[in-house]
Structures are given as C-alpha cells and as structure tokens.
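Asks: Questions regarding the structure given below will be posed in turn.
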Amino acid sequence: MPDPTNSFDCAVTIAGTGSYLPEKILTNADLEVLVDTSDEWITSRTGIRERRIAADGQTTSDLATEAAKRAMEDAGVSAEDIDLIIVATVSPDAFFPATACYVQKNIGATNAMSFDISAACSGFLYGIQICRHFINTGHRKTALVIGAEKLSSMVDWEDRNTCILFGDGAGAAILKRDDTGTAGRKIISSSLGSDGRQTDILHVPGGGSACPITADNVDQKLNTIRMQGREVYKYAVNAMRRAVETVLDQAGLKADDVDMLIPHQANLRIIEAITDRMGIPHEKTFVNLDKYGNTSAAAVAIALDEANHTGAIKSGDNVVLVAFGAGLTWASTLVRW
Ligand code: UT7
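In terms of the numbering used here, the numbers along the sequence shown are unbroken and rise by one, the last being 341.
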C-alpha cells in the first residue's frame with residue numbers, strides 16, 4: 005500500500021558521510037575476565053569479536069561531533085550551511101539539553117535548529133526521514149543527522165546476557181536538497197514503524213520519571229540495559245524483513261535488485277536469517293559488527309560511512325538501510341547511490 009508520508013516534491017540526497025569510533029578496544033577475551041562467557045560463545049552466537057569503548061570523560065556528543073566534522077568535510081559543507089541538526093541516541097549526554105545542542109556548539113553551526121530523537125537502534129533512519137520532510141517542505145536546506153551512543157555508560161558489566169553485545173561510536177550524514185534532480189545518492193523511499201506493546205522486552209527501567217534515580221534503584225542496577233534476547237531476536241527478523249520489502253515495493257523493486265543491504269549491526273545470525281529468507285546473497289550485505297558490536301543508533305550510520313568510503317557501494321547502486329530496536333521500532337530507507 006502506498007505510504008502517503010513517502011510522497012516528495014524534491015530530491016533529497018546524502019551529500020556526505022562520516023563516522024568516529026573511540027580508540028579503546030574491548031575484545032571477547034577481555035570479557036572472559038569480567039563474566040562467565042567465552043570467545044567461542046560470543047562469536048558463534050552473535051558474530052561479535054570486539055567493540056570500542058569511549059574514554060573516561062568522552063561523551064556521546066564528543067563522539068557525535070567527530071563524526072559530524074568528517075561528514076561535513078566529505079560533503080564540502082561549512083558549519084554555517086547547516087540549518088538542522090538531529091542526534092539519534094539512547095545515551096544522551098544528559099536528559100536535557102539535547103545532545104544535538106552540544107554538537108551545535110562544538111561545530112559552531114549557529115544557523116541550525118537542533119534536537120534529539122529517541123528511537124533506539126532505528127533512530128538514525130528515523131532522523132533521515134525527519135530531515136527529508138524538513139527539506140522537502142522547504143523549511144530547511146542542509147541537515148546533519150547523527151547516530152551516536154556511549155552504551156558502555158549504561159551496560160551492566162556483570163550481566164553476560166547484555167554486556168557482550170554493546171559498544172560505543174557515532175556515524176553522521178549530511179542531507180541536502182537537489183533541485184537539479186540529477187545528483188546521486190538520492191533517497192527513494194522510506195518506511196518507519198513501532199509497536200509500543202513491546203516496550204518491556206528491551207529497556208532501561210530506571211532513571212526516568214517512572215523510576216527516578218535513588219540509591220536503592222542504583223543498587224538494583226535499574227539504570228542499566230535489560231533485554232529478553234530471544235523475544236527481541238524473533239521480532240527483529242520479521243520486522244526488518246518486512247521493512248526491507250516495504251521500501252522495495254514502494255520503488256517497484258525486488259530483492260534481486262538490491263546491490264547492498266546495510267542492516268542494523270546487532271547479531272550476524274539475525275542478518276543472515278533475513279537475507280537467507282529474502283534470497284539476498286551474503287556478499288551483498290554489509291557487516292562490521294565483528295569490529296564494533298551493537299552501537300544502537302550509531303550502527304547503520306557507521307556502516308553506511310564505511311560502505312561509502314571503502315567502495316562497497318558505488319554510483320547507481322540500490323542501497324537498502326534497515327534497522328530495528330527498543331520501542332520496539334523499525335525503519336528502512338532505500339537510496340539510489
Ligand atoms: O539492538 C537491539 C536489538 N537487540 C538484539 O537484536 C538482540 C537480539 N537477541 C540476540 O541477539 C540473542 O538472543 C542473544 C545473542 C542476546 C542471545 O543468544 P541466544 O542464542 O538467543 O541465547 P539465549 O539467550 O537463548 O541463551 C542460551 C544459553 C543460556 O544458557 P542455558 O539457559 O541454555 O543454560 C544462557 O544463559 O546461553 C547462555 N548465555 C551465555 N553463555 C555464555 C547467555 N549469554 C551468554 C554469554 N556467554 N555471554
């Protein structure tokens with residue numbers, strides 16, 4: 005069924021990408037010392053071999069700022085050109101002000117309006133679609149959208165069910181209006197969704213207004229990530245597959261037409277379950293979770309930047325981005341690169 009929110013008068017293009025990963029590497033062998041796990045279990049169940057951890061004092065906005073500067077350089081835009089900044093994150097510097105406002109200060113984008121969105125791992129793709137609407141309606145011309153996370157600050161490092169999965173990092177993209185209609189990297193279609201009945205299967209129960217911070221809550225580690233892994237896994241496979249099919253349908257394409265799938269980097273088994281069911285070959289799937297683990301809103305953004313700068317995607321390719329996360333939320337975007 006056509007999605008009315010997917011109707012656009014002007015072309016919106018991805019003019020540049022950038023990413024930043026903190027230097028510190030935490031390997032599966034390092035985790036064997038912290039919890040009862042093994043490199044063999046983590047690798048075979050998830051595909052993850054190592055992840056990056058932000059330095060003490062390094063904030064989500066610091067990671068986001070570095071990714072933003074690289075995307076701006078790639079796109080050839082100055083800070084003054086940017087009139088919209090969106091940061092997608094579940095690990096903001098603070099409840100308020102928005103992490104996007106810290107980024108605005110850091111890069112000196114004085115002409116921008118700036119805000120955060122919370123859509124967990126789907127946040128970068130939610131952000132792209134929001135920017136697309138602002139640009140399409142003529143309210144904004146040059147947008148900076150960033151997925152950035154410091155998940156190490158909210159992981160229970162004694163819980164082997166979750167601490168092996170997550171990492172820190174940031175990825176960014178510059179979106180611009182293309183009045184000529186001839187520029188590449190054009191966003192073709194997009195699909196977003198959520199199922200609020202599933203709020204409890206992946207969440208941080210404490211720290212918000214429902215369960216304010218108290219010494220007792222912190223003792224119970226209610227300020228850390230809780231996940232029912234198997235439930236999330238099953239939901240992720242179905243929701244991401246449907247999201248990919250929807251953006252292809254909207255563009256009149258089939259799975260065979262996909263040149264590169266850039267999925268959320270949570271678990272290699274989830275990715276292969278989707279691609280195997282859709283008949284998309286593994287070599288047409290971009291995977292970097294072995295190096296970075298699951299960086300939530302940053303994952304697709306980092307993967308897009310790596311695919312862009314390693315030549316994994318080339319001009320004219322049909323590139324499908326797809327993500328899934330807490331909420332539960334899901335999102336997909338088709339770009340003609
Ligand atoms: O980005 C947000 C989206 N999040 C996700 O997409 C995560 C989705 N879920 C998953 O990726 C997988 O469910 C996990 C990787 C989290 C877990 O894999 P699984 O194959 O579903 O394992 P399981 O939770 O069913 O656990 C199997 C066994 C259990 O032991 P018993 O009960 O069978 O004796 C666990 O206690 O593995 C045990 N286990 C571990 N063993 C060694 C759980 N975590 C570990 C561990 N090391 N780190």
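A virtual CB, placed ideally from N, CA and C, is assigned to each residue, including glycine.
Hey, which unbroken runs of the beta strand (DSSP E) at 3 residues or more fall wholly within the region 140 to 189?
Replies: Counting only runs of 3 or more, we get 146 to 154, 172 to 182.
Asks: Please name the residue in Val91, Ser82, Arg49, Lys295 whose C-alpha comes closest to that of leucine 67.
Replies: Residue 67 sits at position 63 when you count from the first residue of the sequence shown. Residue Val91 is the option with its Cα nearest to leucine 67.
Asks: How about glycine 315: is its Cβ closer than 6 Å to a heavy atom in ligand 1?
Replies: As a working note, residue 315 is residue 311 in the sequence shown. Not so, every heavy atom of ligand 1 lies at least 6 Å from the Cβ.
Asks: Among the residues of its own chain, which have a CB less than 7 Å from the CB of leucine 30, if the five just before and after it don't count?
Replies: Taking the sequence shown and counting its residues from 1, one reaches residue 30 at position 26. Excluding sequence neighbours, leucine 30 sits near Glu54, Arg55, Ile57.
Asks: Going by DSSP, name the residue or residues bridged to proline 267.
Replies: The count along the sequence shown starts at 1 and reaches residue 267 at position 263. Partner(s): Val326.
Asks: Is threonine 114 close to ligand 1? I mean its beta-carbon at under 6 Å from any heavy atom of the ligand.
Replies: Taking the sequence shown and counting its residues from 1, one reaches residue 114 at position 110. No, the beta carbon of threonine 114 sits no closer than 6 Å to any heavy atom of ligand 1.
Asks: Shorter than 6 Å, the distance from the beta carbon of threonine 93 to the closest heavy atom of ligand 2, or not?
Replies: This structure lacks ligand 2; its bound ligands are ligand 1.
Asks: Any idea what DSSP makes of serine 336, helix, strand or coil?
Replies: The residue given as residue 336 occupies position 332 in the sequence shown. Residue state, collapsed to three classes: strand.
Asks: Any heavy atom of ligand 1 closer than 6 Å to the Cβ of glycine 127?
Replies: By 1-based counting over the sequence shown, the position of residue 127 is 123. Glycine 127 Cβ: outside cutoff for every heavy atom of ligand 1.
Asks: Should tyrosine 237 be listed as close to ligand 1, given that the test is whether its C-beta is under 6 Å from any heavy atom?
Replies: Here residue 237 refers to the residue found at position 233 of the sequence shown. Yes, the Cβ of tyrosine 237 comes within 6 Å of a heavy atom of ligand 1.
Asks: Run the proximity test for isoleucine 134: is its beta-carbon closer than 6 Å to any non-hydrogen atom belonging to ligand 1?
Replies: Translated into positions along the sequence shown, residue 134 becomes position 130. Flag unset: Cβ of isoleucine 134 not near ligand 1.
Asks: Which parts of the region 210 to 267 are runs of the beta strand (DSSP E), unbroken and 3 residues or longer, counting only runs that do not cross its ends?
Replies: Taking only runs of at least 3 residues, the beta strand (DSSP E) segments lying wholly in the region 210 to 267 are 264 to 267.
Asks: On the premise that glycine 20 lies in contact with alanine 71, defined as a C-beta separation below 8 Å, what is that separation, rounded to the nearest angstrom?
Replies: The sequence position of residue 71 within the sequence shown is 67, counting from 1. The sequence position of residue 20 within the sequence shown is 16, counting from 1. Rounded, the Cβ-Cβ distance is 11 Å, inconsistent with contact.
Asks: Here's a check: name, in chain order, each residue in its chain whose Cβ is nearer than 7 Å to the Cβ of threonine 47, leaving out the five neighbours to either side.
Replies: Here the question's residue 47 lines up with position 43 in the sequence shown. Same-chain partners within the cutoff: Asn32, Arg53.
Asks: Look up leucine 67 in the DSSP assignment and say whether it is helix, strand or coil.
Replies: For the purposes of this step, residue 67 is taken as the residue at position 63 of the sequence shown. DSSP places leucine 67 in helix when its eight states are reduced to three.
Asks: Identify every run of the alpha helix (DSSP H) within the region 284 to 327, keeping only runs that are complete inside it and at least 4 residues long; order them along the chain.
Replies: You should have 293 to 296, 303 to 313.
Asks: Among the residues of its own chain, which have a CB less than 6 Å from the CB of threonine 2, if the five just before and after it don't count?
Replies: Nothing about residue 2 can be reported from this structure: the residues present for the chain run from 5 to 341 only.
Asks: Pick from Ser156, Ala243, Ile18: whose alpha carbon is nearest that of threonine 228?
Replies: By 1-based counting over the sequence shown, the position of residue 228 is 224. Considering only alpha carbons, the answer is Ser156.
Asks: Can you grab the Cα-Cα spacing for the pair isoleucine 192 / tyrosine 239, in whole Å?
Replies: Reading the sequence shown from its first residue, position 188 is the one you call residue 192. Reading the sequence shown from its first residue, position 235 is the one you call residue 239. Their Cα atoms are separated by approximately 26 Å.
Asks: Can you list, in chain order, the residues of its chain with a C-beta nearer than 6 Å to that of alanine 247? Leave out the 5 residues immediately preceding and following it.
Replies: Reading the sequence shown from its first residue, position 243 is the one you call residue 247. Counting only Cβ-Cβ distances below 6 Å, and skipping sequence neighbours, we find Ser195, Val326, Trp334, Ser336.
Asks: Please state whether DSSP places serine 82 in a helix, a strand or coil.
Replies: Looking up residue 82 in the sequence shown gives position 78. DSSP places serine 82 in coil when its eight states are reduced to three.
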